[in-house]
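> Heads up: the sequence shown begins at 1 in UniProt numbering, then just goes up one per residue.
Just passing along the structure, written as structure tokens.
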Amino acid sequence: MRKRAVPDVETFIAAIQDEISHRPEGRYFHRLHVVLCALRGMETKEISRVYGDSPRAVQYWLQRFLTSGFAGLQEGERPGRPSRLSLSQRRKLKKEIRHSPRELGYSQNLWDGPLLSHHLKERYGAMLQVRQCQYLFHQMGFTLQRPRRKAREADVVEQEKFKKNSTDG
């Protein structure tokens with residue numbers, strides 16, 4: 001059988017690895033394949049080379065499978081750093097953000113990262129950087145949008161004439 005020529009192989013390999021690594025079921029099946037190769041007698045280094053994992057990871061997954069079975073290959077909990085806000089505080093904050101900052105005594109009309117950082121420090125005693133606050137907005141389902149500015153003295157009719165896609169000109 002002839003070896004098939006695949007254009008841009010590295011891009012396909014990277015895309016497939018990315019797809020596997022970003023899905024919990026993909027990571028589980030990947031581990032199953034690795035363990036299956038080990039059980040069939042492949043050397044750890046060879047499995048590591050073929051699948052792109054460290055030899056230690058291959059040994060670790062095989063050991064987990066032998067001690068815990070299929071459950072040992074499932075995704076474990078990834079707790080990460082505990083949130084600085086409790087669930088009740090997050091609910092209260094979400095209600096506050098739905099209102100204008102002026103209603104809470106601030107001089108701004110719109111919420112942004114620096115204002116939220118200040119608000120969390122003052123009301124909740126939680127120190128979050130601006131970027132963390134922007135991420136918090138996203139987590140709570142908000143988007144940071146600014147209104148488009150319009151000059152008060154702008155003539156809408158003249159603007160339409162000036163536009164390239166205008167029917168008048």
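Just so it is clear, CB atoms sit at the ideal spot from N, CA and C, and this is done for glycine as well.
Helix, strand or coil for Q63? Go by DSSP, reduced to three states.
The residue you call residue 63 lines up with position 63 of the sequence shown. Helix, per DSSP.
> Relative to the C-alpha of Q132, which candidate in G80, D18, S68 and S117 has its C-alpha closest?
The residue given as residue 132 occupies position 132 in the sequence shown. Residue S117 is the option with its Cα nearest to Q132.
> Just to confirm my understanding: we take P24, look at its own chain, exclude 5 residues before and 5 after, and list those with CB closer than 6 Å. What are they?
Within the sequence shown, the letter at position 24 stands for residue 24. Closer than 6 Å at Cβ, skipping near neighbours: E75.
> Count the other C-beta atoms from every protein chain shown that fall within 10 angstroms of the C-beta of P79, then say buried if there are 16 or more, exposed otherwise.
In the sequence shown, residue 79 corresponds to position 79, counting from 1. Exposed is the call here.
> Can you tell me whether L62 is buried or exposed, with buried defined as 16 or more other CB within 10 angstroms of its CB?
In the sequence shown, counting from the first residue as 1, residue 62 sits at position 62. The residue is buried, with at least 16 neighbouring Cβ atoms inside 10 Å.
> Just verifying my parser: in three-state terms, what is the DSSP assignment at K121?
Walking along the sequence shown from the start, residue 121 turns up at place 121. K121: helix per DSSP, three-state reduction.
> Going by beta carbon distance, what residues of the same chain come within less than 8 Å of Q17, once the five residues before and after it are set aside?
In the sequence shown, the residue the question calls residue 17 occupies position 17. The answer, listed in chain order, is G52.
> So, is F12 buried or exposed, given that buried needs 16 or more other C-beta atoms within 10 angstroms?
Position 12 of the sequence shown, counting from 1, holds the residue named residue 12. Under this definition F12 is an exposed residue.
> Flag this pair as yes or no: are the beta carbons of Y106 and H119 separated by less than 9 Å?
Position 106 of the sequence shown, counted from the first residue, corresponds to residue 106. Position 119 of the sequence shown, counted from the first residue, corresponds to residue 119. Contact flag set, yes.
> Go ahead and label V58 buried or exposed: buried means 16 or more other beta carbons lie within 10 angstroms of its beta carbon, across all protein chains shown.
Residue mapping note: residue 58 aligns to position 58 of the sequence shown, counting from 1. Buried, since its Cβ has 16 or more Cβ neighbours within 10 Å.
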